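A.B. asks: One structure coming up, written as C-alpha cells, with questions to follow.
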Amino acid sequence: MAAKRCCHVHDLAGPKVSFKEVAFRYPTRIEPVLSDVSFCVEERSHICVIGPNGGGKTTLLKLMLGLLSPDQGTIELFGIPPHRACRHVGYVPQHSVIRPGFPITVREVVLTGCVEQHRFGWHKKGCGESADQIMEELEIAGLAGRPFSRLSGGERQRVLIARALISGPLLLLLDEPTANIDPKVQQQVRETLNRLSSRMTVITVSHDLDYISGELDGVFFVNRSVRLLQPGEVTSDAVWELFTQRK
Numbered sequence: 000m001a002a003k004r005c006c007h008v009h010d011l012a013g014p015k016v017s018f019k020e021v022a023f024r025y026p027t028r029i030e031p032v033l034s035d036v037s038f039c040v041e042e043r044s045h046i047c048v049i050g051p052n053g054g055g056k057t058t059l060l061k062l063m064l065g066l067l068s069p070d071q072g073t074i075e076l077f078g079i080p081p082h083r084a085c086r087h088v089g090y091v092p093q094h095s096v097i098r099p100g101f102p103i104t105v106r107e108v109v110l111t112g113c114v115e116q117h118r119f120g121w122h123k124k125g126c127g128e129s130a131d132q133i134m135e136e137l138e139i140a141g142l143a144g145r146p147f148s149r150l151s152g153g154e155r156q157r158v159l160i161a162r163a164l165i166s167g168p169l170l171l172l173l174d175e176p177t178a179n180i181d182p183k184v185q186q187q188v189r190e191t192l193n194r195l196s197s198r199m200t201v202i203t204v205s206h207d208l209d210y211i212s213g214e215l216d217g218v219f220f221v222n223r224s225v226r227l228l229q230p231g232e233v234t235s236d237a238v239w240e241l242f243t244q245r246k
C-alpha cells in the first residue's frame, strides 16, 4: 500500500526530502508511473530504494533531482523545491557520462564537480585541495594521475562518488552504485556509503540484496507507490513476495 503520511526514518531536524501526495505520468503513457506518494527522509539517513523494473525508481530520483516536475503534490529538499536545492545535492548516475577512451585523468574527473558549480554561479575556492582530501578518504589518491578509461568498474565508481562529493552535498543520490562490479568492491562501496551517511543523507537505488540487508535506516519499495520497510523486514522471502505482487 502507498505511504499516505510522512514516514519519519530519523527523528531529527526537519526532513531533507519530503514528498506529499505526489503523482507523475509521462505524456506518452496512460497510467501514472507514481501515484499518491508521501514520505519524509530525515537528516543523515541511509535509505535504499528497491522495486521492479518500470516501477518508478528512476523517476523518483529524477523528481528529487528536479529533472521532472510532479503532476500533482509537492516535493521539497531542505524545505525548498528541488530545482533550487541543486547545490546541496550530489548525484552518481548508473552509467558514466564520460566517453570510453576520453583523455582525462582521475583527478580531472573529480574536479569536473567544481566546473559544474562554477556554471551555476557558486564556485568554491580550494577545489584542488578538496579533491585531494576526498580522493584520500575514498582511497583513490594513488589513482589521481591515471587515465579514467583504464580503471576497473569499482575504481570508476569510487571516482564518480568522489566527483559527487566535491560540492559538499547534504544529500547524495546514487543509481545502482554496486552494479557490475565484483563482490569485494561492492562491499567497499557499501562501507563507504555507510560512512558518508554519518554526515549527509544517502539515498541509493539498488538491486543488491547484500546492500538491502546491510546497515540501513530504511528501505523504500517502489512500484507506482512507495512503501517504507524497516531494515528488519527486509529478507529474501519478503523481497521476492513484494516483487511478485501485481499492481
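Under numbering that gives the first Met the number 0, think of the first position of the sequence shown as 0, with each following residue one higher. Beta carbons: idealized from backbone N, C-alpha and C, even for Gly. Just so it is clear, the structure is predicted and the values come from calculations on it, not from any experiment.
Identify, in the order they occur along the chain, each residue of the same chain with its Cβ nearer than 6 angstroms to the Cβ of Thr73, setting aside the five sequence neighbours on each side.
C.D. replies: Hits under 6 angstroms: Lys19.
A.B. asks: Using 8 angstroms as the threshold, is the region 99-113 in touch with the region 176-185, meaning 3 or more CB pairs across them?
C.D. replies: no
A.B. asks: Could you round the C-beta distance between Thr259 and Val40 to whole angstroms and report it? I think they count as a contact, below 8 angstroms.
C.D. replies: Outside the modelled stretch of the chain, which goes from 0 to 246, sits residue 259, for which no answer is possible.
A.B. asks: Say whether the region 220-231 touches the region 65-72, bearing in mind that this needs 3 or more beta-carbon pairs closer than 8 angstroms, one atom from each stretch.
C.D. replies: no
A.B. asks: I need the DSSP call for Trp121, collapsed to helix, strand or coil.
C.D. replies: Because Trp121 sits at a pLDDT of 41, beneath the cut-off of 50, its placement in the model cannot be relied upon, and the following sentence gives the value as read from the coordinates. In the structure shown, Trp121 sits in coil (DSSP, three-state: anything other than H, G, I, E or B).
A.B. asks: Give every residue of the same chain whose Cβ lies closer than 6 angstroms to the Cβ of His45, excluding the five residues on either side of it in the sequence, and list them in chain order.
C.D. replies: Ser196, Val201, Leu215, Asp216
A.B. asks: If you check the beta carbons only, do Val108 and Arg145 fall under 8 angstroms apart?
C.D. replies: no
A.B. asks: By alpha-carbon positions, which one of Phe77, Ile79, Ser151, Leu173 ends up nearest to Leu60?
C.D. replies: Closest by alpha carbon: Leu173.
A.B. asks: Please go through the same chain and pick out, in chain order, the residues whose beta-carbon is closer than 7 angstroms to the beta-carbon of Ala178, but skip the five residues on each side of it.
C.D. replies: Gln93
A.B. asks: For Ser95, name the three-state secondary structure that DSSP assigns.
C.D. replies: coil
A.B. asks: In angstroms, rounded to a whole number, what distance separates the CA positions of Ser166 and Gly112?
C.D. replies: 7 angstroms
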